[in-house]
Structures are given as C-alpha cells and as structure tokens.
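Per this note's numbering: the sequence shown ends with 904, consecutive numbering throughout.
We put the CB at the ideal spot given by N, CA and C, even for glycine.
From a predicted model like this one, the values you see are computed outputs, not experimental measurements.
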Amino acid sequence: MSVRHLDALFAPRSVAVAGVSTRERNLGAIVLHNLREAGFAGPVWGVNRHVGEVEGVEVLASVDDLPAVPDLAIICTPAAAVPQLVEDFARKGTRAVMVLTAGLKERAREGAPSYEQQMLAAARPNLVRILGPNCVGALVPGLHLNASFAPGTAAPGPLAFVSQSGALATAMLDWANAHRIGFSHFISLGDSVDVDFGDVLDYLASDYSTRAVLMYIESVKHARKFMSAARAAARNKPVIVVKAGRAPEGARAAASHTGALAGSDTVFDAAVRRAGMLRVDTLEGLFDAAETLARPRPWRGERLAIVTNGGGAGVLAADALALGQGQLATLSDETMGKLDALLPATWSHANPVDLIGDAPVQRYTEALRVLLAAPEVDGVLFMHAPSAIVPAADIAAACVPVLRDAPKPVLSCWLGGLSVRPAREAFALAGLSGYATPEHAVAGWLQLVHYHRNQQALLQLPPSELAELRVDKAAARALLREALANGREWLDEVQAKKVLEAYGIRTVRTQRARDAEEAARAADEIGYPVALKILSPQILHKSDVGGVALNLGSPAEVRAAALRMRDAVARTHPLAQVLGFSVQAMLRRPEGHELILGIADDPIFGPVVLFGAGGTAVEIRKDRALDLPPLNATLARDLVARTRVGALLGGYRGRAAIREPALIDALLRVSQLACDLPELAELDINPLLADSDGVIALDARIRVRQPVPGEGSRLALRPYPAELEETWVLQGQQLRVRPIRPEDGERLEAFYAQATPSDMRLRFFLARREIPRSELARYCQIDYEREMTFVALDGERMAGEVRAICDPDNHEAEFAVQVASDWQHRGLGRMLMDKLLTYLRKRGTAEVFGQCLPENQGMAVLAREEGFEVHMDADHTMHMRLRLRVRA
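The following block contains the structure:
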C-alpha cells in the first residue's frame with residue numbers, strides 16, 4: 017500500500033494531456049475541455065505529434081518540449097503508445113499519470129510483454145503512480161479539477177466516491193448532480209494495476225475535506241492491503257460499500273460442506289464487517305447511508321422510538337423495523353406518564369407514538385422532547401403526513417430547534433410531495449436526515465445499526481482471562497506434508513482427527529481397519545456400539561453411497577456392514593479405491609447439538625472460519641456465519657451469535673445449555689489452525705457435537721494444498737506475531753516481552769491508571785487520569801501489518817510499553833514509550849526502544865520519529881544515545897528523528 021505521489025494525482029498544480037487533437041470526439045480534447053470548463057487554475061498543456069492549439073491550449077510535439085514538469089499527466093492515446101509516454105513523463109519528472117486508454121492487455125506480437133506490463137516497467141524506476149488504465153479519470157471539485165471524460169462536472173461536497181466501473185461512474189455522476197449531491201473526490205479506478213482501493217482509502221482517510229467514503233467494488237485484488245487500509249479509514253470516517261456479484265456465480269461442486277457454504281459474497285460480507293465498514297445493496301443505498309452517517313450524532317444503542325401524526329405510517333415503520341430485525345423501544349412507565357399528560361386520550365399509548373392527525377405544533381415539540389430525554393430511547397424517527405389543520409412548514413420551523421442539536425440520532429420522513437417540500441428542505445438545511453417513505457426511513461436507521469455493530473468490532477476489548485492455546489503445530493504439519501508427499505489431496509478421517517487432536521480439539525475415539533475382520537477387532541477394542549465408515553479418497557460424502565453404519569452392537573454386525581459397504585461402492589463407484597474403514601465409538605449424548613465448524617479457502621481473502629448448524633442437512637439449512645481469522649474470544653462469541661442455532665445453545669424448554677467456553681475454545685483452535693498451517697486448504701468438522709459436557713468432533717475431513725513458493729501469508733489479516741516474544745531478565749527480575757494483544761485491555765487500563773499524573777502528562781502531552789475504553793481498544797486492537805506495540809509484563813502486570821505506527825509507504829514510523837514508575841531508571845525503556853528499532857529495521861522502515869515535552873529530559877537523553885537527532889521546534893516541542901535506511 018502506498019500514498020506516495022497521490023497528492024500529484026489528486027491535487028496537481030499543473031497538468032499535461034497526451035493524445036490531444038482536433039478530430040471530432042477526440043478523447044484528449046474532451047479531457048482538455050473538462051479541465052478548462054471546471055476552472056482548473058494551474059498550467060495545462062497538450063501533447064501530440066501534430067502541434068497546434070486545441071481549446072485555446074498549446075499542443076506540443078513531445079513530452080520533452082513541455083516548458084515545465086507537469087505534476088499530472090493524462091494519457092488518451094492508443095494502447096501501443098502508452099508505455100513510451102509513461103517513460104517520457106517519468107524521465108521528465110512527472111510522478112502521477114492517469115491512463116484513460118483501454119486495451120493495454122494486448123500485445124504487439126505473440127510472446128511479447130503486454131502494453132500494460134511495459135507501462136508498469138516504465139513507471140517503476142521513478143515510482144510513477146498510475147490511475148487506470150481503462151478508467152474515466154478523477155474529479156476533485158474543491159480544486160476545480162475535472163481530469164476526466166465524464167459528461168459534466170461534479171459539485172463540491174463532503175463525500176468521496178470511488179468506482180471500478182467507468183460506465184457506472186458517469187451514470188452516478190449524472191444522478192448525483194440531479195439530486196444535488198456534491199463530492200470531495202470522484203475517482204474511477206478502472207483496471208487499478210497500480211493505484212487501487214487500498215491506496216485511495218489511505219489517501220482519503222486523512223483528507224480533511226472528505227466526511228465519508230463511498231465505494232463501488234467489483235473485485236478486491238490485494239486482500240491484506242485492502243483490509244489494513246479499510247480498517248484505518250473506517251476508524252476515521254464512514255466507509256460505505258456496494259459490491260457487484262451478490263448472487264452466486266453458479267453452482268460450485270464442493271467436496272466439503274464448508275466449501276459449499278462459504279461463497280465469495282459471504283466472505284466479502286465478513287471482511288466488510290471486520291473492517292468496520294458498512295455494506296449496502298444498491299447504489300441509492302450508498303447515498304442513503306451517507307445521508308445518515310456523514311451527519312454523526314452520539315450513538316447510544318439500537319432502540320428506536322417512532323413519532324407520527326398518522327397511525328398507518330407508524331405501523332408501516334414498525335413492520336419494516338421488525339422485518340429488518342431492528343428493535344422498537346419499549347417506553348417506560350415514566351415516559352408513558354409524561355406522554356399521557358400532554359397527548360389526547362386517544363393517542364396510541366405505545367411506540368409508535370401516534371400524535372393523532374389534528375396534532376398542533378406544540379404537541380409535536382413536547383412529545384419529541386419527552387422521547388429525546390427518555391433513557392430507554394436511543395434514536396427517534398419523526399414522521400409527518402400532510403394535514404389541512406397545521407401547515408407542514410410551521411411544524412418544521414418549530415421542530416428544527418428541538419431536533420437540530422439532539423443528543424441522539426434523529427431521522428425524519430415527510431410523507432407527500434409539494435405540500436411538504438418546504439418542510440423537508442428546512443430539515444435538510446438543519447442537517448437532519450430525511451427520507452420519502454416509512455420503509456425508506458427505517459432502512460436508514462438499520463444502516464446506522466449495522467454500521468455501529470461493525471464499528472464495535474474495532475472497539476472491542478476481549479476478556480483477559482483466556483488461557484493461551486497450547487498446540488503441537490509440528491505434528492499437525494507433518495500429517496499434512498505426508499499427504500502432499502504421497503500425492504493425496506484429502507486426509508482420511510483418522511488422519512484428520514489426529515490433526516485436530518494436535519491442536520487440542522477433542523475427537524471421538526477412532527481406529528482405521530483394512531478389512532471387515534480388522535474392523536470387527538477394532539470394534540471389540542473400542543467397545544460397542546460403534547459406527548463404521550468407508551475410507552476412500554474418491555468418496556467424501558459417505559452417507560450418500562451407504563458408506564456409514566451406526567449403532568453396530570456386535571462383531572457380526574460390523575462384518576456384515578463392512579461387506580455391504582464394499583458391495584455398494586463397487587456398484588455405484590466402481591473406480592473408487594477403498595482403503596478400508598474407520599471404526600469409532602458411538603456417543604450417547606441425547607441433548608447434543610450437531611454443529612459444523614471449519615475452514616474454507618477464499619481465492620481473495622484466503623482462509624475463513626465457518627460456524628453453524630451441522631448434520632447431513634447442513635447445505636439445506638444454510639444456517640452459518642463466517643469470519644476472517646485470527647479470532648479472539650469476543651469475535652468467536654459474535655460468530656456464534658450470528659447464527660440461528662446460536663440462540664438454541666443457551667438452553668430452552670428444559671434442554672440444558674451447552675458448555676460455552678468449550679465451544680469458544682474450539683473456535684479459537686480452528687482459527688489458530690487457519691493461521692498456522694498454509695498447507696491446510698479446507699477443514700470440515702461435521703458434526704461437532706456440543707452439550708453441557710463440552711464439544712467433541714464426530715467426523716472430520718481435511719483437504720491439503722501445496723503452498724506456492726514465495727506466496728507469503730494468505731491471511732487477509734496479519735495474525736499475532738508470536739515469533740517476536742522474548743523473556744528478559746533485568747536486575748534479577750524476569751520480564752515477558754511480547755507484542756500487545758486485544759486481550760491486554762484491562763492490563764493497559766491498569767498501567768495507565770497506576771501512572772503518576774506527571775508520567776501521563778509526559779506521555780500524552782496533557783493531564784489525564786482515565787483513558788476511554790474506545791481509545792484503549794484502539795491501542796490494543798492494532799493492525800500488525802502497519803503497527804507494532806511491545807509490552808513488558810512483570811507477571812500479569814504491565815511494566816512498560818513501546819509502540820510505533822508506520823505510514824502506508826513504510827517511510828516513517830512515529831514512536832511512543834512509557835515505563836511504569838517503579839521500573840523507571842532501570843534500563844527497561846532503553847531495552848524496549850532497542851527491540852522496537854530492531855523490529856523497524858527488519859521491516860525496512862526508513863525513519864522513526866517522535867515528540868516529547870521539553871521537561872522530558874530522560875526521553876531526550878535516551879533518544880540521543882540511540883542516535884536520534886533531537887531539536888527544539890518553534891512549537892516548544894522536542895522533535896526526535898532517526899534514519900534507519902536510505903529512502904528509495
């Protein structure tokens with residue numbers, strides 16, 4: 017990921033357009049016209065071997081003839097000319113290029129590199145950034161920049177729109193202009209061979225003129241880059257996504273239940289949720305969400321109160337809320353009493369609050385004040401239908417002062433057309449979100465709900481008491497590699513269960529048998545009753561071919577079942593190789609729930625963890641939820657809660673609740689499997705039996721894959737880097753030093769709480785005693801891809817921390833360090849700094865910098881001894897900087 021030179025792309029001071037001519041409908045001439053029409057203030061030049069003048073702009077014969085270096089070059093020539101032009105502009109000193117041309121996948125001749133490959137090779141030596149090819153361009157209305165061939169320009173506004181589809185981008189621009197929607201940036205990515213969603217998200221995340229980012233996505237190329245950028249951006253402002261391809265791409269023959277259930281669209285949903293973004297279904301939904309989210313109000317919860325002057329509208333809104341699985345606020349006795357005192361006796365006496373059709377202005381304002389003050393109400397939906405008794409404009413004028421600065425979210429719905437238009441406009445000018453119908457308004461509220469649920473995933477502090485998982489990674493990997501060495505794609509059931517056992521997942525006792533006699537002896541050893549299953553690499557769904565026999569109570573029954581299975585397989589799958597049978601103990605756990613737990617392989621986001629209702633009808637039920645590993649206990653509980661079967665696991669109608677800690681432990685261990693073993697392509701535990709005694713895997717299958725040399729981790733989220741853990745002995749005391757974890761929230765809270773006021777002021781540049789939990793979560797839930805925090809633990813107590821946040825280009829990292837009072841002046845700060853600097857050097861960071869107050873002489877001395885340049889700035893702050901490598 018990189019934001020390098022993106023300022024030249026989206027905030028250029030000068031522009032050159034290559035491919036300009038006087039021919040009718042010439043692409044370069046259209047771009048030149050749009051630049052001038054938008055009022056771009058900087059120099060604009062044209063480039064074409066046929067010199068002259070177009071749109072009043074001088075056209076020069078070559079890039080070398082340009083009188084100055086353009087910040088941005090826009091290339092509109094045929095594909096074959098693009099690579100040389102990129103090379104010419106790069107040599108001139110230009111560092112950003114938009115390539116509007118299509119067809120760069122083509123080659124000049126068979127065996128030659130494509131024009132796209134040649135273009136990238138020309139850009140690489142000078143780090144030239146490329147938007148496109150095959151894109152419409154970009155508009156930045158605040159800078160009067162229309163570097164595109166869009167049929168029109170964009171109005172300035174607080175929303176950024178980023179699209180992979182050029183045709184959709186131009187249609188959306190036209191639609192937005194008709195609806196008076198303005199933009200900070202309007203960007204068409206095209207084929208995004210260089211600048212992609214990750215880069216643009218990093219750029220827009222820190223752009224002060226962008227209040228929310230809207231994206232139309234068809235595909236994601238670099239999952240980890242995308243996720244890191246999305247998580248960083250979503251912490252700063254709403255990021256709202258609509259993605260093409262919700263429907264299945266077609267029936268996919270999947271060898272395991274997990275693979276069949278984990279479609280690419282559900283994986284994308286999981287990625288959006290984990291990144292704290294919001295996904296909507298339609299393009300119109302993008303702007304609905306922006307209407308609501310870009311006007312932030314303090315979020316309190318999901319309980320909605322509806323106030324209306326029409327009972328029918330209230331019922332429609334309540335129905336839409338229920339169908340969307342939203343929560344209607346239950347009004348307290350105190351709130352009901354206050355409403356009774358000011359409303360006529362015929363009011364609804366419930367939520368929705370029906371003010372009755374003859375409601376005067378005062379009735380609206382007083383009821384709204386009651387609901388806004390009610391602690392059981394988290395948000396208010398205001399609805400009004402036209403009435404001849406009181407003009408809508410008068411109601412709006414009275415309600416705006418009540419609602420404009422409300423301490424909780426307020427949505428509005430003015431039903432009707434011309435008669436309510438002034439009221440609707442008055443609410444819009446006051447910054448109140450407005451919708452045309454009750455269903456539309458409720459959809460807006462539900463978008464808020466889903467957005468804040470996703471945001472909570474970024475702010476969760478998991479419980480700290482979870483024990484560390486102890487696993488035998490070497491034993492599990494040996495089983496997978498043995499299968500690969502023998503040319504097998506699937507482990508048999510016995511081998512798969514050994515992998516689970518290596519990771520501490522309990523399995524039912526199972527033995528392999530070569531024939532009927534051996535199966536009978538194994539059954540005698542295990543004890544009756546037993547289950548018998550066929551073992552064949554070609555038969556994975558055994559029950560489909562009669563390859564499973566249950567509750568066998570004697571050797572004779574085992575032998576007979578084995579012979580029947582061989583006969584059945586010979587008839588139905590004559591080419592299948594039967595390796596023998598698995599014999600396993602039959603469990604008698606009548607209150608057990610059959611669940612499925614597994615790992616699927618997504619081509620973009622890599623391994624994903626799946627949980628849901630299991631059994632033979634698993635594909636029919638389709639009751640499952642997905643998440644990206646690594647998981648923690650909080651995320652694992654949320655994964656279970658997002659399934660229908662999850663609601664049953666707590667017990668019902670006399671059926672005992674399952675032992676939840678055992679299920680969460682199994683989920684975490686499967687997540688660890690996904691993180692540790694690149695050879696594991698697919699895991700299917702079905703059923704995983706869960707009851708009050710715990711969980712046990714009854715059946716399992718594992719598919720293996722040969723890792724591609726040099727592919728690195730396929731995980732979309734970088735897992736906890738356990739290899740960075742160390743044990744130090746300092747002045748006779750042992751310290752455990754490791755990267756911070758999400759579970760460290762309570763330790764970090766105690767660390768700050770026990771610090772002296774002076775230490776806190778030196779660390780945060782202001783006096784503070786308490787750190788909000790949202791901030792603690794931000795400090796603990798770090799993205800190991802671009803951040804690092806090392807903590808030193810004295811037992812379970814935190815003795816010190818050092819942290820660094822790298823920019824997207826890995827050029828600079830800002831550091832901070834703090835040591836507990838009783839550990840100061842003992843060398844711990846220096847050791848933590850040394851560990852951080854070693855880590856940053858290894859990851860190739862160019863420079864590290866920090867700031868401290870002038871009175872923090874200890875920090876300044878330590879920095880100088882570590883080789884930092886230290887100087888006092890004009891703001892009376894000590895600035896520290898250390899070069900770790902020569903910048904590229």
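Check, Outcome
"With DSSP collapsed to three states, give me the class of C868.", "strand"
"With 16 as the cutoff for other CB atoms within 10 Å, does F781 come out buried or exposed?", "exposed"
"Report the residue from G214, V209, R604 and V156 whose alpha carbon sits nearest the alpha carbon of L189.", "V156"
"Are A815 and R779 touching if we call contact CB-CB under 8 Å?", "no"
"Using C-beta distances below 7 Å, list every residue in its chain close to G327, excluding the 5 sequence neighbours before and after it, in chain order.", "S364 and D370"
"Based on DSSP bridge pairs, tell me the residues matched to H895.", "Q867 and H887"
"Are the region 412 to 426 and the region 303 to 323 touching by the rule of at least three beta carbon pairs closer than 8 Å?", "yes"
"Closest to N872 by CA distance: which of N826, S774 and I256 is it?", "S774"
"Helix, strand or coil: which one does DSSP assign to G62?", "strand"
"Smallest Cα separation from T772: which of D560, E817, R537 and S837?", "S837"
"Where are the alpha helix (DSSP H) runs, 4 residues long or more, that stay fully inside the region 461 to 519, in chain order?", "489 to 501 and 509 to 518"
"Where DSSP assigns a beta bridge to N162, which residues make up the other side?", "L155"
"Tell me whether the beta-carbon of V79 lies closer than 8 Å to the beta-carbon of L48.", "no"
"Between which two residues does the beta strand (DSSP E) harbouring D799 extend?", "That residue, D799, is in no beta strand (DSSP E); it is neither H nor E in DSSP."
"Hey, would you say N50 sits closer than 8 Å to F199, going by beta carbons?", "no"
"How many Å lie between A442 and L161 at the Cα?", "31 Å"
"Identify the continuous beta strand (DSSP E) that holds Y232 and give its terminal residues.", "A228 to I233"
"What first and last residue would you give for the alpha helix (DSSP H) that runs through Y224?", "Premise fails: Y224 is in no alpha helix (DSSP H) and is neither H nor E."
"When burial is assigned at 16 or more other CB atoms within 10 Å of the CB, is M875 buried or exposed?", "buried"
"How far does the beta strand (DSSP E) with C921 in it reach, from first residue to last?", "Missing from the structure shown is residue 921; the chain here goes from 17 to 904 and no further."
"For D23, write down the residues that DSSP places opposite it in a beta bridge.", "D23 is not bridged to any residue."
"Which class does Y768 belong to by DSSP, given the choice of helix, strand or coil?", "helix"
"Measuring CB atoms only, is the region 57 to 69 touching the region 21 to 38, in the sense that at least three cross pairs come out at less than 8 Å?", "yes"
"Look at the Cβ atom of L475, then the Cβ atom of L448, and state whether they are nearer than 8 Å.", "no"
"Should S3 go down as buried or exposed, given a rule of 16 or more other Cβ atoms within 10 Å for buried?", "Outside the shown range of the chain, which is 17 to 904, sits residue 3, and nothing can be said about it."
"Using the Cα positions of I91 and E300, report the straight-line distance between them to the nearest angstrom.", "32 Å"
"Compute the Euclidean distance between the alpha carbons of M243 and R145, then round it to the nearest angstrom.", "21 Å"
"Just verifying my parser: in three-state terms, what is the DSSP assignment at Q133?", "helix"
"Using a threshold of 8 Å, state whether the C-beta atoms of P438 and A414 are closer than that.", "no"
"Let me know the secondary structure DSSP gives N826 once reduced to three states.", "coil"
"Three or more C-beta pairs under 8 Å: does that hold for the region 741 to 750 against the region 787 to 800?", "no"
"Between the C-alpha atoms of E885 and R842, what's the straight-line distance to the nearest angstrom?", "24 Å"
"Can you name, in chain order, every residue of its own chain whose Cβ lies under 7 Å from the Cβ of P623, other than the five neighbours on each side?", "I615, D617, P645, A690, R730 and L731"
"What does the alpha-carbon distance come out to for the pair F177 and A192?", "11 Å"
"Would you decide whether E40 is buried or exposed? Buried here means 16 or more other CB atoms lie within 10 Å of its CB.", "exposed"
"With a 10 Å radius around its C-beta and 16 neighbouring C-beta atoms as the bar for buried, classify Y224 as buried or exposed.", "exposed"
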